[in-house]
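Colleague: Mind looking over this structure? Questions follow.
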Amino acid sequence: MGNKTVIMTTLNDAWTEPGSVLDLFLESFGIGNGTSQLLNHLVFITMGQKAHERCMSMRGHCFDLNTKGANLSEQKDYNTPGYLDIMWQRLDFQRQVLEKGYGFIFTDTDILWFRNPLPHFYPQGDFQVSCDRFFGNATDLENWPSNGFNYVRSNNRTISFFKYWYSARTKYPQDHDQAVFNYIKHDAYLRELGLTIRFLDSKYFHGLCEIRNRDWDAVCTVHANCRIGLSSKLSELRGMLEEWKTYISGNHS
1 MGNKTVIMTT
11 LNDAWTEPGS
21 VLDLFLESFG
31 IGNGTSQLLN
41 HLVFITMGQK
51 AHERCMSMRG
61 HCFDLNTKGA
71 NLSEQKDYNT
81 PGYLDIMWQR
91 LDFQRQVLEK
101 GYGFIFTDTD
111 ILWFRNPLPH
121 FYPQGDFQVS
131 CDRFFGNATD
141 LENWPSNGFN
151 YVRSNNRTIS
161 FFKYWYSART
171 KYPQDHDQAV
181 FNYIKHDAYL
191 RELGLTIRFL
201 DSKYFHGLCE
211 IRNRDWDAVC
221 TVHANCRIGL
231 SSKLSELRGM
241 LEEWKTYISG
251 NHS
């Protein structure tokens with residue numbers, strides 16, 4: 001993994017509770033195949049004092065996000081005003097990272113890492129995003145994106161794209177960043193930029209919104225999305241960790 005690429009995740013106070021999302025996220029790196037060394041590249045974008053203190057106690061790479069008065073520290077229900085604030089604040093921060101010359105892999109903290117995903121990124125692709133529904137063609141704009149996991153190279157095209165994406169918030173004030181990306185992905189401006197978009201195969205980057213069966217012989221990451229409430233999400237995450245442990249106990253890799 002290059003020195004100019006980082007792995008980023010956002011962390012609020014609720015997800016730092018003992019036995020909660022953060023602990024399960026980190027456990028997956030520890031028991032995954034070729035994933036433990038990736039923790040050296042992981043940066044936590046903290047959204048609350050408790051989250052930041054937990055990060056510092058782990059001696060991790062921690063960045064305390066300036067939330068400009070928004071209360072982003074608590075667990076937010078999907079698509080509420082607080083949730084939208086988090087999503088757009090996150091996107092704006094990602095643009096700043098790109099402007100500093102760093103590419104990144106962004107992962108939601110409710111994604112478990114079971115294998116190193118780097119070999120499954122496309123050689124050509126400025127912006128590569130996982131899918132809620134993948135139809136088999138990485139260039140097909142009709143794929144349903146899931147912005148909880150993406151890989152972005154730092155260049156003038158992606159910086160301009162992230163600025164354009166963020167500005168589209170004013171046109172769609174009731175929508176989160178993923179929905180707005182789905183609206184603008186066909187825009188002529190992106191073609192004029194020469195931006196290359198690639199959709200990641202859900203065989204390797206799986207999520208619970210996807211109807212295809214999970215292939216433990218191939219899967220790199222699994223996203224506990226399409227679940228309402230923290231308790232439901234935690235139940236899914238724990239279940240997937242147990243499935244993985246059963247899988248690797250059979251001497252699979």
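Start counting the sequence shown at 1; every next residue gets the next number (UniProt numbering). Glycine included, each C-beta is placed from N, C-alpha and C at the ideal position. Predicted model only: the values in this text are computed from it and were never measured.
What residues in its chain sit with their C-beta under 8 Å from that of serine 249, if we drop five residues either side in the sequence?
Modeller: Cβ within range, chain order: n/a, list empty.
Colleague: Taking the alpha-carbon of phenylalanine 149 as reference, which of Trp216, Ala179, Thr107 has the nearest alpha-carbon?
Modeller: Thr107
Colleague: Taking 6 Å as the cut-off, is the CB of lysine 245 close to at least one heavy atom of the ligand FAD?
Modeller: You won't find the ligand FAD in this model; it holds no ligand whatsoever.
Colleague: Give the DSSP-derived three-state secondary structure of proline 119 in the structure shown.
Modeller: helix
Colleague: Rank Tyr204, Asn213, Val222 by C-alpha distance to the C-alpha of leucine 118 and give the top, closest one.
Modeller: The shortest Cα separation from leucine 118 among Tyr204, Asn213, Val222 belongs to Tyr204.
Colleague: Going by DSSP in three states, arginine 59 sits in which element: helix, strand or coil?
Modeller: Taken through DSSP and simplified to helix, strand or coil, arginine 59 comes out as coil.
Colleague: According to the neighbour-count rule (16 or more other Cβ atoms, all chains shown, within 10 Å of its Cβ), is glycine 69 buried or exposed?
Modeller: Bear in mind that a pLDDT of 48 at glycine 69, under 50, signals an unreliable position, so the number given afterwards is only what the model happens to contain. Glycine 69 should be labelled exposed.
Colleague: In the DSSP assignment, what residue or residues form a beta bridge with aspartate 217?
Modeller: None; aspartate 217 has no bridge partner.
Colleague: Could you compute how far the alpha carbon of serine 202 sits from the alpha carbon of glutamate 53?
Modeller: 35 Å
Colleague: In whole angstroms, what is the alpha-carbon distance linking asparagine 213 and leucine 38?
Modeller: Using only the alpha carbons, I get a separation of about 27 Å.
Colleague: Helix, strand or coil for threonine 5 per DSSP?
Modeller: Threonine 5 falls in the strand class under three-state DSSP.
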